[in-house]
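2 protein chains.
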Amino acid sequence: MFKRIVICGAGLIGGSFALALKAAGAVETVVGIGRSTATLEEARALGILDEIATDWAVALKGADLLLLAVPVGQMGVVMAAAAPYLEAQTLVTDGGSTKADVFEAAYTYLKSHLGNVVPAHPIAGAEKSGPAAAFADLYQGKRVVLTPLPESSAEAVARVEAAWARCGAQVCRMSPHDHDRVFAAVSHLPHLLAFGLVHDIQGRANAEQLFSFAASGFRDFTRIAGSHPEMWRDICVANRQALLAELDAYLAELAYLRALLVQGDGPALENHFAQASAARNAWAEKYLR
Amino acid sequence: MFKRIVICGAGLIGGSFALALKAAGAVETVVGIGRSTATLEEARALGILDEIATDWAVALKGADLLLLAVPVGQMGVVMAAAAPYLEAQTLVTDGGSTKADVFEAAYTYLKSHLGNVVPAHPIAGAEKSGPAAAFADLYQGKRVVLTPLPESSAEAVARVEAAWARCGAQVCRMSPHDHDRVFAAVSHLPHLLAFGLVHDIQGRANAEQLFSFAASGFRDFTRIAGSHPEMWRDICVANRQALLAELDAYLAELAYLRALLVQGDGPALENHFAQASAARNAWAEKYLR
Chain A
188 MFKRIVICGA GLIGGSFALA LKAAGAVETV VGIGRSTATL EEARALGILD
238 EIATDWAVAL KGADLLLLAV PVGQMGVVMA AAAPYLEAQT LVTDGGSTKA
288 DVFEAAYTYL KSHLGNVVPA HPIAGAEKSG PAAAFADLYQ GKRVVLTPLP
338 ESSAEAVARV EAAWARCGAQ VCRMSPHDHD RVFAAVSHLP HLLAFGLVHD
388 IQGRANAEQL FSFAASGFRD FTRIAGSHPE MWRDICVANR QALLAELDAY
438 LAELAYLRAL LVQGDGPALE NHFAQASAAR NAWAEKYLR
Chain B
188 MFKRIVICGA GLIGGSFALA LKAAGAVETV VGIGRSTATL EEARALGILD
238 EIATDWAVAL KGADLLLLAV PVGQMGVVMA AAAPYLEAQT LVTDGGSTKA
288 DVFEAAYTYL KSHLGNVVPA HPIAGAEKSG PAAAFADLYQ GKRVVLTPLP
338 ESSAEAVARV EAAWARCGAQ VCRMSPHDHD RVFAAVSHLP HLLAFGLVHD
388 IQGRANAEQL FSFAASGFRD FTRIAGSHPE MWRDICVANR QALLAELDAY
438 LAELAYLRAL LVQGDGPALE NHFAQASAAR NAWAEKYLR
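Respectively, the protein sequence lines represent chains A and B.
Counting from 1 along the first sequence, just add 187 to a position and that's the residue number in the working numbering.
Counting from 1 along the second sequence, just add 187 to a position and that's the residue number in the working numbering.
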């Protein structure tokens, strides 16, 4: 499928993409480039990378595809650096969790290459990051949202879609605006809330006591608070309009729950919890089987 | 250890207590009593109960121990009903997630029996409830917090402690006030927040779309939103003072995060997330191994 692909950022997302394509026999050579030499060396030792490049001219020579798997705040800088060396055939996709900002960066830095740019968001995270967290099956059965540009060529979209599909993913398409609103609600807000809860507790005088009694509910609720701070900083900044809208809707929800608590209104609390519980269990029934 | 124990409420907590003591060979006969005949019949069919009692006089005849494993809002009613039939030797413990209200109910309804009353909170939940969710190992390695009354006799405390220890639990002691504050922070607030998030999303016009893109972060964050509505209604009402204090601290946290988002203050967001992430990962390192 590909003779040579370049991964910028050989962490969980980039590393798993490389391992998945290798496992599928869909790539001959995987070249890594990135800001941390130690990370790239680790990725090579783990069999994720075949070559490490220290400059873009060497990396992109003869490349069929470039995957940008860096925190979204880095996309612009990376695109600017790569742009002069993109060849006519080189496809560009990414693994960023926000898409409107990736659009903006592409229009700014990849102007003459837009036909080959097909932004993507693989819905497959983990609270662990780095090359050691990568594995070939990460995308197996997971969704990948493509948000093609109006300028993306049909052939480029088809090839990028096929690449993600070869990783085992179910690929769908969305506008970047819809994408960013959906993920603000079901991903970005929960991350913000989990970070907030752990931050709140860790700053208490009795934090050790509190943590010592935290059980499985706390464990699962806060799992995503162990996520990569820089990655989530970038997502929150990039998607802050949609995230603020979601946060405000949630604050209204909490204000209502607070009023029910103040009033000790058991029936209304139960009704509220019952609606949530039924919806959560129906979701689990449909999507977790 | 016990010839006859009585379980009021043969769900996850009561059923697992019975199964654990049976597995340990620590009880001869387990008698069930409760408001739902169907639940009791199911528990007997599952081997949790040996007998079903329809009145308290029969249930408590010769009983060594009574476990109250009902939603905390029912504790008073159940204590009032059981009180006239408690024998001199009958120990009383419970599985309620709040303790100040159980204290209050004991002082109101079990006045002449306080020496034998030893309230407890097993820190072992699950989002599933009912007898079918019960299993003998639920308490294995889990903590159980005893909150003895000043009136509880040393012997009663020792025997109740031994009963929970035979279930495999690590037993510790706390005041009910401290207990309720700790669990408001690490358990009750996260439940409220998870219920709130799912309630918020399920009420949207595009709820189906949102749910279809919810992934593992959402799955874990909202697992506890599948919990039993009545049980959590009772916990929230019983512990609303401490829960409101926690909710308000959390709302202040969210107000701060909101300001950082409005300002697009990346460094401050990253710093905040990094503190949370480090604390969460340190907690996991210490408690999840």
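The beta-carbon is built from N, C-alpha and C at its ideal position, and this holds for glycine as well.
Predicted model, so just to flag it, every value in this text is computed and none were measured.
Here the region 358 to 372 of chain A does not lie against the region 339 to 349 of chain B, with fewer than 3 beta-carbon pairs under 8 Å apart. Sequence-ordered contacts of the region 242 to 263 of chain A with chain B read Gly-260 [C-beta pairs closer than 8 Å]. In this structure, the straight-line span from the alpha carbon of Glu-433/A to that of Ala-372/A is close to 6 Å. Under the rule that a run must span 4 or more residues, the alpha helix (DSSP H) segments found entirely inside the region 207 to 249 of chain B read 224 to 232, 243 to 247.
In this structure, Ile-310/B sits away from Leu-254/B, with a CB-CB distance that is not shorter than 8 Å.
Taking a Cβ-Cβ cut-off of 8 Å, the neighbours of Asn-468/A in chain B comprise Gly-413, given in sequence order. Among the residues of chain B, those whose CB is under 7 Å from the CB of Gln-462/A are His-386, Gln-389, following chain order. Given a length threshold of 4 residues, each whole run of the alpha helix (DSSP H) inside the region 394 to 473 of chain A is given here in chain order: 394 to 399, 403 to 408, 416 to 425, 427 to 450.
Taking a beta-carbon distance threshold of 8 Å, Asp-367/B does not count as an interface residue toward chain A. Taking 9 Å as the Cβ-Cβ cut-off, the region 342 to 357 of chain A has no residue approaching chain B.
In this structure, DSSP gives Leu-475/B a state outside helix and strand, which the three-state scheme calls coil. Minimum Cα-Cα distance from His-386/B among the listed residues Ser-374/A, Ala-350/A, Arg-467/A, Tyr-326/A corresponds to Arg-467/A.
The contact set of Gly-312/B on chain A, defined by CB atoms closer than 9 Å, consists of Ala-402, Ser-403, Gly-404 in chain order. Using beta-carbon distances, Leu-397/A counts as an interface residue toward chain B, with a partner under 8 Å. Just so you know, the alpha carbons of Asp-407/A and Ala-469/A end up roughly 19 Å apart.
Just measuring C-alpha positions, the residue of Phe-405/B, Val-257/B, Gln-462/B, His-375/B sitting nearest Phe-460/A is His-375/B. Within 9 Å of the CB of Ser-374/A, the CB atoms of chain B belong to Phe-400, Ala-401, Ala-402, Gly-404, Phe-405, in sequence order along the chain. Residue pairing of Val-289/B in beta bridges, as defined by DSSP: absent, with no partner found. Beta-bridge partners assigned by DSSP to Phe-189/A: Val-214/A. Ala-381/B has a beta carbon lying within less than 8 Å of a beta carbon in chain A.
The beta-carbon separation of Ser-414/B and Ser-464/A, rounded to 6 Å, stays under the 8 Å limit for a contact. Among the residues of chain A, those whose CB is under 7 Å from the CB of Pro-416/B are Glu-457, Phe-460, Ala-461, Ser-464, following chain order. Contact note: Glu-440/A reaches chain B through Gly-383, His-386, Asp-387, using a C-beta cutoff of 7 Å and chain order. Leu-384/A and Ile-411/B have their C-alpha atoms some 15 Å from each other. In chain order, Cys-195, Gly-196, Ala-197, Leu-227 place their CB closer than 7 Å to the CB of Gly-221/B, counting only its own chain and leaving out the 5 sequence neighbours on each side. Scanning the region 340 to 399 of chain A from its first residue to its last, the whole alpha helix (DSSP H) runs of 4-plus residues come out as 341 to 353, 363 to 370, 376 to 389, 394 to 399.
Gly-328/B sits exposed, since fewer than 16 C-beta atoms from the chains shown fall within 10 Å of its C-beta.
In this structure, the alpha-carbon of Ala-287/A lies about 44 Å from that of Asn-426/B. Across the region 268 to 287 of chain A, no CB contact with chain B closer than 9 Å is found for any residue. The contact set of Val-289/A on chain B, defined by CB atoms closer than 9 Å, is empty, because the minimum CB distance reaches about 17 Å. Under the three-state reduction of DSSP, Ile-310/B is assigned to coil, being neither helix nor strand.
Ranked by Cα distance from Met-262/A, the options Ala-275/A, Gln-276/A, Glu-291/A, Gly-234/A are led by Glu-291/A. Around the CB of Ala-275/A, fewer than 16 other CB atoms lie within 10 Å, so the residue is classed as exposed. With a 10 Å radius around the Cβ and a threshold of 16 neighbouring Cβ atoms, Pro-454/A comes out exposed. For Val-264/B, the enclosing alpha helix (DSSP H) starts and ends at 262 to 269. DSSP, reduced to helix, strand and coil, places Thr-334/B outside both helices and strands of the structure shown, so it counts as coil.
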